[in-house]
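Take a look at the structure below.
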Amino acid sequence: MDTILDNAVQSIQIGIEDYRNDDPRRLLSAIRNVQAGILLLCKEQLRRLSPPGSVEVLLKQKTRPVRRGGEIMLVGDGRRTVDQAQIIERFKQLGIEVDWKPLDRLTHHRNDIEHYRFAGTREDLSGSIAGSAKIIRQLVNDVLDTDPLALLGKPCWEVLLETEAVFDAEFSACRATLESIDWYSQSVADDLDELCCPKCGSILIAQQDPANTNQGKADFRCRSCGARPCSEELINEAIGRILHADFYIAMTDGGEDPVIECAECEFETYILEERLCAGCGYTISDHNCSECGREVSEDDFLRHDGLCVPCFLAVDDDR
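With the first letter of the sequence shown counted as 1, position 171 gets the number 941 in the numbering used here; the numbers rise by one all the way through.
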C-alpha cells in the first residue's frame, strides 16, 4: 500500500476507534483523525494524477520550472504538500466533483476544538462523523476507484454506515419541519440544506411546530446543542453560503454585494435582487428621499438611511 494511502486508512480507522469510545476526549480525537484521513485520501489522488517524473507536482504546494528534452515543464518543489483550500481548488481544476460540505463541517469542528471554544455536543460531533461516511465513500469509490469496505476494513466501515444511517434519519426529520414553512426568500427555500445552528454549526435545525407555515412565527431549535435561534439569526448565518455564487461574482467582477443590512432587523440579510429581507421579510414600498422627496433607487435608499446621495453627503458633512 502506498504511504499516503496507508496513512489515510490508519487515520480514519483510529478516528472511528476513538469515536466508539465513551471518553469525550476520544471523540475530539476522532474529529482530528477522520478529518486528517480524508485530506490524505485527496492527496493520494493528486499523487496518482501527477505525471511521471514531475516530483508529484499536483501534490506539492510549490512548483518550479525545469527544462527536459528541449521542453519546459513544472515539477514539485520542496516537501510541503497542498492544504485543504488548495486541494479543493486543484480538484476543481481537474474536473473532479466532490461534495465538500462534510469535510467543511469536520474542519470547522476541528478548528473550534483546537482553539478551545467548541460549544456543541456529542451529538453534533457524531453528526460530523456520520457525514464523513458520504465523502469517504465518494473519494474511495468514485475518485480512487476502490471498495471502501476492502480498503477500510469491515469494523471501521460498518460503524461509519451505522452512524450515517442514524444521522440521516434525524436530518430528514429536521428538514421535514422546515419544508412546511413559507419562506420569505425563494433563494432560502431552494437551499434549506445550508441552514445551520449559529451557535454550534450543526445542520440539525428544526422548528418546534412542524405544522407552522409562517417564518416569522417559527420556533427554531438546534437538536444538537439546544440553541433557539430566531429567523433572522438563522438566515444571517447561512446567507453567505446560500448566495455564494452571487458573492463570488461581486468579488471577482467588482460589483455590489448581493445583500445589505436590513433597515428593520439590522442583519445583513436584505437581498437586493429579491427586494426583501430573507430574515424578517421587510420590504420597501416607498423610495423617496426623506429629506428632499426626490425618487431614489432602492439600493441608495437602504445604504443611505432613506436619503438620496446628495442629502446623505450633506448630512454627513454636517456631522
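The beta-carbon is built from N, C-alpha and C at its ideal position, and this holds for glycine as well.
Beta-carbon proximity of residue i to residue j, cut-off 9 Å
{"i": "L930", "j": "I906", "result": "yes"}
{"i": "A903", "j": "E934", "result": "yes"}
{"i": "F937", "j": "S896", "result": "yes"}
{"i": "E1031", "j": "L1042", "result": "no"}
{"i": "V1029", "j": "I1054", "result": "no"}
{"i": "S824", "j": "V804", "result": "no"}
{"i": "I1019", "j": "S957", "result": "no"}
{"i": "L909", "j": "I808", "result": "yes"}
{"i": "G846", "j": "S820", "result": "yes"}
{"i": "D894", "j": "C944", "result": "no"}
{"i": "I786", "j": "I883", "result": "no"}
{"i": "N1006", "j": "E1034", "result": "no"}
{"i": "R838", "j": "L829", "result": "no"}
{"i": "L811", "j": "A778", "result": "yes"}
{"i": "S799", "j": "D788", "result": "yes"}
{"i": "E1065", "j": "C1081", "result": "no"}
{"i": "G840", "j": "P872", "result": "no"}
Backbone secondary structure at residue i - three-state DSSP
{"i": "Y1040", "result": "strand"}
{"i": "Q977", "result": "strand"}
{"i": "C992", "result": "strand"}
{"i": "C1062", "result": "coil"}
{"i": "L1077", "result": "coil"}
{"i": "Y1052", "result": "coil"}
{"i": "D952", "result": "strand"}
{"i": "N982", "result": "coil"}
{"i": "L1046", "result": "strand"}
{"i": "S957", "result": "helix"}
{"i": "A997", "result": "coil"}
{"i": "H1057", "result": "coil"}
{"i": "L873", "result": "helix"}
{"i": "N1006", "result": "helix"}
{"i": "G897", "result": "helix"}
{"i": "Y789", "result": "helix"}
{"i": "M771", "result": "For M771, the pLDDT reaches just 46, beneath the cut-off of 50, and the residue's location in the model is therefore unreliable, although a value from the coordinates is still provided. Coil, per DSSP."}
{"i": "H885", "result": "coil"}
{"i": "P968", "result": "coil"}
{"i": "S781", "result": "helix"}
{"i": "L962", "result": "helix"}
{"i": "E1068", "result": "helix"}
{"i": "D1086", "result": "helix"}
Cutoff 9 Å: residue i Cβ touching any chain E Cβ
{"i": "D1070", "result": "Considering every chain present, this structure includes no chain E. It has just one protein chain."}
Supposed contact pair residue j and residue i - C-beta distance, whole angstroms, cut 8 Å
{"i": "E814", "j": "L775", "result": "5 Å"}
{"i": "H1091", "j": "E1068", "result": "Nothing in the structure corresponds to residue 1091, since the chain is present only between 771 and 1089."}
{"i": "S972", "j": "S955", "result": "That belief does not hold up - the Cβ atoms of S972 and S955 are roughly 22 Å apart, past 8 Å."}
{"i": "P980", "j": "P999", "result": "Actually they do not touch by this definition, with Cβ atoms about 17 Å apart."}
{"i": "L914", "j": "L965", "result": "Not really, about 32 Å apart at Cβ, beyond 8 Å."}
{"i": "L1046", "j": "C1059", "result": "Actually they do not touch by this definition, with Cβ atoms about 21 Å apart."}
{"i": "W953", "j": "Q985", "result": "6 Å"}
{"i": "V836", "j": "M843", "result": "6 Å"}
{"i": "F941", "j": "L962", "result": "Not really, about 11 Å apart at Cβ, beyond 8 Å."}
{"i": "Q831", "j": "R860", "result": "Wrong, their Cβ atoms sit about 11 Å apart, outside the cutoff."}
{"i": "D892", "j": "P794", "result": "According to the sequence displayed, residue 892 carries Arg and not Asp. 7 Å between Cβ atoms; contact."}
{"i": "L1072", "j": "Y1052", "result": "So it is not a contact: roughly 10 Å between Cβ atoms."}
Residues that residue i bridges to, as DSSP identifies them
{"i": "I1019", "result": "In DSSP, I1019 forms no bridge with anything."}
{"i": "V1029", "result": "I1041"}
Inset, instruction - Could you tell me which uninterrupted alpha helix (DSSP H) segments, each at least 4 residues in length, are contained entirely in the segment 901–945, listed from first to last along the chain? - result: Listed in chain order, they are 918–922.
Inset, instruction - Would you mind listing the beta strand (DSSP E) stretches within the segment 797–867 that are 3+ residues and don't spill past its ends, in chain order? - result: Within the segment 797–867, the complete beta strand (DSSP E) runs of at least 3 residues are 830–838 and 841–851.
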